[in-house]
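Student:
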Amino acid sequence: MRKRNIVSILYILFLLLPIYWLVAMSFKTTNEILAGFSLFPQTWTFENYKTIFTDPTWYWGYINSIIYVSLNTVISVCVALPAAYAFSRYRFLGDRTLFFWLLTNRMAPAAVFALPFFQLYSSINLFDTHLAVALAHCMFNIPLAVWILEGFMASVPKELDETAYVDGYSFPRFFTTIFIPTIKSGVGVAAFFCFMFSWVELLLAKTLTAVAAKPIAATMTKTASSAGYELGLLAAAGTLTIIPGAIVIYFVRNYIAKGFAMGRV
Amino acid sequence: MRAYNQKAWFFVLPVLMLVAFNALIPIMTVVNYSVQETFGDNVFFWQGLDWFEQLLRSDRFHAALGRQFLFTGLILLIEIPLGVAVALSMPRKGIWVPVCLVTMALPMLIPWNVVGAMWNIFTLPEIGLLGYFFNNILGIPYDMTQDPLAAWITIVTMDVWHWTSLVVLLSYAGLVSIPDDYYRAARIDGASNFAVFRYIQLPKMKTVLTIAVLLRFMDSFNIYTEPFVLTGGGPGNSTTLLSIDLVKIALGQFDLGPAAAMSLIYFAITLLVSWVFYSVMNNQSDGEG
Numbered sequence: 002m003r004k005r006n007i008v009s010i011l012y013i014l015f016l017l018l019p020i021y022w023l024v025a026m027s028f029k030t031t032n033e034i035l036a037g038f039s040l041f042p043q044t045w046t047f048e049n050y051k052t053i054f055t056d057p058t059w060y061w062g063y064i065n066s067i068i069y070v071s072l073n074t075v076i077s078v079c080v081a082l083p084a085a086y087a088f089s090r091y092r093f094l095g096d097r098t099l100f101f102w103l104l105t106n107r108m109a110p111a112a113v114f115a116l117p118f119f120q121l122y123s124s125i126n127l128f129d130t131h132l133a134v135a136l137a138h139c140m141f142n143i144p145l146a147v148w149i150l151e152g153f154m155a156s157v158p159k160e161l162d163e164t165a166y167v168d169g170y171s172f173p174r175f176f177t178t179i180f181i182p183t184i185k186s187g188v189g190v191a192a193f194f195c196f197m198f199s200w201v202e203l204l205l206a207k208t209l210t211a212v213a214a215k216p217i218a219a220t221m222t223k224t225a226s227s228a229g230y231e232l233g234l235l236a237a238a239g240t241l242t243i244i245p246g247a248i249v250i251y252f253v254r255n256y257i258a259k260g261f262a263m264g265r266v
Numbered sequence: 002m003r004a005y006n007q008k009a010w011f012f013v014l015p016v017l018m019l020v021a022f023n024a025l026i027p028i029m030t031v032v033n034y035s036v037q038e039t040f041g042d043n044v045f046f047w048q049g050l051d052w053f054e055q056l057l058r059s060d061r062f063h064a065a066l067g068r069q070f071l072f073t074g075l076i077l078l079i080e081i082p083l084g085v086a087v088a089l090s091m092p093r094k095g096i097w098v099p100v101c102l103v104t105m106a107l108p109m110l111i112p113w114n115v116v117g118a119m120w121n122i123f124t125l126p127e128i129g130l131l132g133y134f135f136n137n138i139l140g141i142p143y144d145m146t147q148d149p150l151a152a153w154i155t156i157v158t159m160d161v162w163h164w165t166s167l168v169v170l171l172s173y174a175g176l177v178s179i180p181d182d183y184y185r186a187a188r189i190d191g192a193s194n195f196a197v198f199r200y201i202q203l204p205k206m207k208t209v210l211t212i213a214v215l216l217r218f219m220d221s222f223n224i225y226t227e228p229f230v231l232t233g234g235g236p237g238n239s240t241t242l243l244s245i246d247l248v249k250i251a252l253g254q255f256d257l258g259p260a261a262a263m264s265l266i267y268f269a270i271t272l273l274v275s276w277v278f279y280s281v282m283n284n285q286s287d288g289e290g
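Residue numbers (our numbering), protein chains in the order written: chain A, 2 to 266; chain B, 2 to 290.
1. Roughly how many angstroms separate the alpha carbons of B:Val161 and B:Asp190, rounded to a whole number?
2. For A:Thr242 and B:Pro112, what's the separation of their Cα atoms in angstroms?
3. Using the Cα positions of B:Gly84 and A:Asp168, report the straight-line distance between them to the nearest angstrom.
4. Among the residues of its own chain, which have a CB less than 8 Å from the CB of B:Met18, if the five just before and after it don't count?
5. Tell me where the alpha helix (DSSP H) around A:Trp59 begins and ends.
6. In chain order, what residues of the same chain have a beta carbon less than 8 Å from the beta carbon of B:Ser178, not counting five sequence neighbours either side?
7. Using a Cβ cut-off of 9 Å (strictly closer), state whether B:Asn23 contacts chain A.
8. Check each residue of the region 114-125 of chain A: if its Cβ is closer than 9 Å to any Cβ of chain B, include it; give the result in chain order.
9. Sort B:Ala152, B:Phe278, B:Tyr133 by Cα distance to B:Leu231 and report the nearest one.
10. Would you mind telling me which residues of chain A sit closer than 9 Å to B:Glu127, beta carbon to beta carbon, in chain order?
11. Which residue's Cα is closest to the Cα of A:Asn106: B:Val87, B:Pro27, B:Glu227?
12. Check the C-beta distance from A:Tyr143 over to A:Ala81 and give it rounded, since I have them as a contact under 8 Å.
13. Once you ignore the five residues that flank A:Thr133 on each side, which residues in its own chain have a CB closer than 6 Å to its CB?
14. Using a Cβ-Cβ cutoff of less than 6 Å, which residues in the same chain neighbour B:Ser264 once the five nearest sequence positions on both sides are dropped?
15. Using a Cβ-Cβ cut-off of 9 Å, state whether B:Asn6 counts as contacting chain A.
16. Return the CA-CA distance between B:Met109 and B:Phe195, expressed in angstroms with no decimal places.
17. With 16 as the cutoff for other CB atoms within 10 Å, does B:Phe255 come out buried or exposed?
18. Rounded to the nearest angstrom, how far is the Cβ of A:Gly233 from that of A:Ser39, given a contact under 8 Å?
19. Using a Cβ cut-off of 7 Å, pull out every chain A residue sitting near B:Trp47, in sequence order please.
20. Given A:Phe194, which residues of its chain have a CB within under 6 Å of its CB, disregarding the five upstream and five downstream residues?
21. Quick check on this structure: which residue in B:Met219, B:Asn6, B:Leu273 has the alpha carbon closest to the alpha carbon of A:Arg92?
22. Considering only the beta carbon of each residue, do B:Val209 and A:Arg254 sit closer than 9 Å?
23. Looking at the unbroken alpha helix (DSSP H) that takes in B:Trp162, where does it start and where does it end?
24. Just checking, does the region 87-97 of chain B make contact with the region 158-177 of chain B on the three C-beta pairs under 8 Å criterion?
25. Starting from B:Phe45, trace the beta strand (DSSP E) both ways and give me its first and last residue.
See the structure below:
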């Protein structure tokens, strides 16, 4: 670390401060939190975490979130792969318009869609299922996945496709056994971003669920308001929501920056 | 050069169907509401364009729109230069690179309402780290539930904390794509640091920066959950951004007609600005390639 790194060091400190505070608070007792300011927990307690791991309404929140996020990631990447291939290899009637239209769905304010989504998914009997949230999140994740994958695919030379055909590969076999392995880092990056945006979104997830598929984030808001001021519990639940993201990001750390840079709009 | 092939439509079809299902049906529902009036019980009356006219003249809408533009403007003005500065100061090689990237991406992976709750805990006047620091150590009165200015500073700082890393990651990706030879040549020419930035680094970052501006514009313009959890739009209406106001009208007062009209105008504004960015971006890449 040299002198010119000072800006990034300060920036990282700024990023870590609120996270530190959240984690520190999760180990404090409610009494200690309300009694006054303390930089470190005076009496360490694991009660908050124990509550979360033993109470089904809490830990099912995590399971629900992970189910619909995984479902969404799988659907988004699977349908985005062929579409991205089409955009990167062929020109067809209305391709640019279609691409822009896909991107506009990334621009739609979620607040606009909350109520219509509720009605739509209620009318097809999917309300309060994991599938409903997974499908709803496709609205902004599919465009993003297509965008990222298209960038990665465009950097693969066309000669690869042609050689495979000359060697007698059929298209489906070429696509699954040669092409997808070639761009596997792109698939990883796309999956990462789908995971991320589905994991952090709350408004739609909350609107589309009631009990059976309720996300962890919604369990938290309810606790915050109904149980009064259980800040320690809230902090512990918040801390636990950081962990899945941190694990996923570790696996794609070398590609995340590349993922966006390669995407050509 | 890409070949013309209309069969490519079949490849796009699954995406098209899924996105259309999610986008077209709800937007038609919204359009349908926007031209009708309801008093409940699913009874609707034709209203024409009255809601749109009313909305475009309402002070409440103008105020929310103004706050929204102020917020988005501040976000872009702070996050873009800060993100570039951080990216420039990051190490290019070595074990610190993954450490930096992972810690920087961390805020983006936290659920949005947790971000709000986290900043709420962080800024509580007597027991939060930041609140305590300002009030009791620096002696500057700070309470975002009372003071609109403090509330604004807090939501802007929160967004800077949450999203600057996106700009950093993008700029960094642009920077590492510059070959070392460029820098060596610049050193031989005796170029100043500023000249290196202006003539080598900035041009290389141009494309990724446009993407950064586009993404930050869209997301900050649509922001809802974080400020809602943090300030609830208060104190008073001082941090009621467009989305918050919209949800208040639609779900709080259940005025579906006006809310739908507002949704459409809101969406149209986002679309228009994004389209301008998109065209600029396309022209750029056409010019280069």
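Backbone N, C-alpha and C define an ideal beta-carbon position, used for all residues, glycine too.
These numbers come from a predicted model, not from an experiment.
Tutor: Well, looking at it:
1. Within the second sequence, numbered from 1, the residue matching residue 161 of chain B stands at position 160. Within the second sequence, numbered from 1, the residue matching residue 190 of chain B stands at position 189. Roughly 37 Å separates the two Cα atoms.
2. Indexing the first sequence from 1 puts residue 242 of chain A at position 241. Indexing the second sequence from 1 puts residue 112 of chain B at position 111. Rounded to whole angstroms, A:Thr242 to B:Pro112 spans 7 Å at the Cα level.
3. As a position in the second sequence, residue 84 of chain B is number 83, starting the count at 1. As a position in the first sequence, residue 168 of chain A is number 167, starting the count at 1. Cα to Cα, B:Gly84 sits roughly 48 Å from A:Asp168.
4. The residue you call residue 18 of chain B lines up with position 17 of the second sequence. Its chain contains no residue whose beta carbon lies nearer than 8 Å to that of B:Met18 once the 5 sequence neighbours on both sides are disregarded.
5. The residue you call residue 59 of chain A lines up with position 58 of the first sequence. Residues 57-90.
6. Here residue 178 of chain B is taken as the residue at index 177 of the second sequence, counted from 1. The residues Lys205, in chain order, have a CB closer than 8 Å to that of B:Ser178 in the same chain once the five nearest residues on each side in sequence are set aside.
7. By 1-based counting over the second sequence, the position of residue 23 of chain B is 22. At least one chain A Cβ lies under 9 Å of B:Asn23.
8. Taking 9 Å as the Cβ-Cβ cut-off against chain B, the residues of the region 114-125 of chain A that qualify are Phe114, Ala115, Leu116, Pro117, Phe118, Gln120, Leu121.
9. Residue 231 of chain B sits at position 230 when you count from the first residue of the second sequence. Distance check between B:Leu231 and each of B:Ala152, B:Phe278, B:Tyr133 places B:Ala152 closest, using alpha-carbon atoms only.
10. As a working mapping, residue 127 of chain B is identified with position 126 in the second sequence. Those are Gly37, Phe38, listed as they occur along chain A.
11. Your numbering for residue 106 of chain A matches position 105 in the first sequence. Ranking the options by Cα distance to A:Asn106, first place goes to B:Pro27.
12. As a position in the first sequence, residue 143 of chain A is number 142, starting the count at 1. As a position in the first sequence, residue 81 of chain A is number 80, starting the count at 1. Correcting the residue identity first, residue 143 of chain A is Ile in this sequence and not Tyr. Yes, they are in contact, since the Cβ atoms of A:Ile143 and A:Ala81 sit about 6 Å apart, within 8 Å.
13. Here residue 133 of chain A is taken as the residue at index 132 of the first sequence, counted from 1. Position check: residue 133 of chain A holds Ala in this sequence, whereas Thr was assumed. Contacts found: Tyr122, Leu127, Leu209.
14. By 1-based counting over the second sequence, the position of residue 264 of chain B is 263. Taken in chain order, the residues that qualify are Val31.
15. Position 5 of the second sequence, counted from the first residue, corresponds to residue 6 of chain B. Yes - at least one Cβ of chain A is within 9 Å of the one on B:Asn6.
16. Along the second sequence, read from residue 1 onward, the residue named residue 109 of chain B stands at position 108. Along the second sequence, read from residue 1 onward, the residue named residue 195 of chain B stands at position 194. Going by the C-alpha atoms only, they are around 31 Å apart.
17. Here the question's residue 255 of chain B lines up with position 254 in the second sequence. When all chains shown are included, B:Phe255 counts as exposed.
18. Indexing the first sequence from 1 puts residue 233 of chain A at position 232. Indexing the first sequence from 1 puts residue 39 of chain A at position 38. Actually they are not in contact, since the Cβ atoms of A:Gly233 and A:Ser39 sit about 13 Å apart, beyond 8 Å.
19. Start at 1 with the first residue of the second sequence, and residue 47 of chain B comes out as number 46. Chain A residues near B:Trp47: none, gap ~20 Å exceeds 7 Å.
20. On the first sequence, residue 194 of chain A is found 193 positions in, with the first residue counted as 1. Counting only residues of its own chain and dropping the five nearest sequence neighbours on each side, A:Phe194 has a CB closer than 6 Å to the CB of Leu145.
21. Start at 1 with the first residue of the first sequence, and residue 92 of chain A comes out as number 91. Of B:Met219, B:Asn6, B:Leu273, the residue nearest in Cα terms is B:Asn6.
22. Counted from its first residue, the second sequence places residue 209 of chain B at position 208. Counted from its first residue, the first sequence places residue 254 of chain A at position 253. Here B:Val209 is not near A:Arg254, since their CB atoms are 9 Å or more apart.
23. Along the second sequence, read from residue 1 onward, the residue named residue 162 of chain B stands at position 161. Annotation for B:Trp162: the continuous alpha helix (DSSP H) segment containing it runs 149-177.
24. Judged by pairs of C-beta atoms under 8 Å, the region 87-97 of chain B touches the region 158-177 of chain B, as three or more such pairs exist.
25. Taking the first residue of the second sequence as position 1, residue 45 of chain B is located at position 44. The continuous beta strand (DSSP E) containing B:Phe45 extends over residues 45-47.
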